[in-house]
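See structure below.
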Amino acid sequence: MTQRSTDNIGGRKEVARLAGVSPSTVSRALSGSRLIPEKTKNIIKKIADELKYIPSHLGRSFYKKKSFRIGMLVPFSNRTIASEYFTRIIIGVLTVVAAKNYTVNIISDDNLSAKDISYLVLSHSIDGIIFLSSGISDKRFDYLHK
0 MTQRSTDNIG GRKEVARLAG VSPSTVSRAL SGSRLIPEKT KNIIKKIADE
50 LKYIPSHLGR SFYKKKSFRI GMLVPFSNRT IASEYFTRII IGVLTVVAAK
100 NYTVNIISDD NLSAKDISYL VLSHSIDGII FLSSGISDKR FDYLHK
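If you count by numbering that gives the first Met the number 0, then the sequence shown holds residues 0 to 145, one letter each, in order.
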C-alpha cells in the first residue's frame with residue numbers, strides 16, 4: 000500500500016479558507032478562469048504554492064465529465080512502430096494535444112471492434128479517437144458515428 004505524500008498537505012478547502020473564498024473559486028482560479036479577478040488569482044496561487052497544493056486532475060475530470068485524453072489507435076507491428084511516418088504523426092499529435100492540456104493514450108489497434116472502441120469513449124476513458132490505421136471504408140466508423 001502506498002502512503003500519500005505529505006507534501007500536498009493543504010487541500011483545496013484549506014486554500015479557500017485562507018484566501019477567504021469558496022473551494023470552487025480556488026478551482027476556477029487555478030485553472031485560469033477569466034471569471035476570477037487577477038488579484039484574487041494571485042492570492043490563491045500564492046497560498047496554494049505555500050501549502051504545496053496540487054489540484055486533482057481526477058477531480059477536474061470528474062467534474063467536467065471529461066478525461067482530457069485522446070485515444071490514438073495505431074496498427075501494431077514492428078514496422079509501424081519503427082516507421083518514420085507514424086513517428087512524425089504521433090509527435091505532431093502529441094504537440095497539438097499538449098497545447099490543449101490533453102494527453103494521448105496510444106492504443107494498439109489489433110482489429111478492435113467498434114463496440115470495444117465506443118466503450119472507451121462512453122466510459123470516459125478517452126474523449127475522442129484518432130485512427131492512424133483505417134481506410135475511409137472502415138465499417139467501424141458507421142457504428143461509432145451512430
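Think of the CB as a built atom: it goes at the ideal place given N, C-alpha and C, for glycine as much as any other residue.
A quick note: this is a predicted structure, and the numbers were derived from the prediction, not measured.
Assigned secondary structure, VAL73 (DSSP; H/G/I helix, E/B strand, else coil):
VAL73: strand per DSSP, three-state reduction.
Residue(s) in a DSSP beta bridge with GLY127
ILE69, per the DSSP bridge assignment.
Measure from the alpha carbon of LEU72 to the alpha carbon of each residue in PHE85, VAL20, SER60 and LYS99, then state which is nearest.
Of the listed residues, the one whose Cα sits closest to LEU72 is PHE85.
Under a Cβ-count criterion, where at least 16 other Cβ atoms within 10 Å of its own Cβ denotes burial, should ILE90 be classed as buried or exposed?
With a 10 Å radius around the Cβ and a threshold of 16 neighbouring Cβ atoms, ILE90 comes out exposed.
Take the Cβ of ARG87 as the centre, count every other Cβ of all protein chains shown within 10 Å, and call the residue buried at 16 or more, exposed below.
ARG87 comes out exposed.
Between the Cα of ASP141 and those of SER124, ILE125, SER117 and LEU131, spot the shortest distance and give me the residue it belongs to.
The shortest C-alpha separation from ASP141 is found at SER117.
Go ahead and pull the three-state DSSP assignment for ASN110.
Correct three-state label for ASN110: coil.
Can you name the residues that DSSP bridges to ILE105?
Looking at the DSSP assignment, ILE105 forms a beta bridge with MET71.
DSSP state of GLY91, grouped into three classes?
When DSSP states are grouped into helix, strand and coil, GLY91 belongs to the helix group.
Give a yes or no on contact between the stretch 29-42 and the stretch 101-108, applying the rule of three or more CB pairs nearer than 8 Å.
No, because fewer than three Cβ pairs between the stretch 29-42 and the stretch 101-108 fall closer than 8 Å, the two stretches do not touch.
Taking the CB atoms as reference points, tell me whether GLY70 and ILE106 lie closer together than 8 Å.
The criterion of a C-beta distance shorter than 8 Å is satisfied by GLY70 and ILE106.
Near ALA18, which residues of its chain fall below 6 Å by C-beta distance, leaving aside the five closest residues on each side in sequence?
So the qualifying residues of the chain are ILE42, ILE43 and ILE46.
My assumption, with CB atoms under 8 Å, is that ARG68 sits in contact with ILE125. Please give the rounded CB distance.
Right, the Cβ-Cβ distance comes to about 5 Å (below 8 Å), so this counts as a contact.
Tell me the rounded alpha-carbon separation between GLU83 and LEU50.
GLU83 and LEU50: Cα-Cα distance of roughly 45 Å.
Cβ neighbour criterion (16 or more within 10 Å) applied to ARG11
Buried, because 16 or more other Cβ atoms sit within 10 Å of the Cβ of ARG11.
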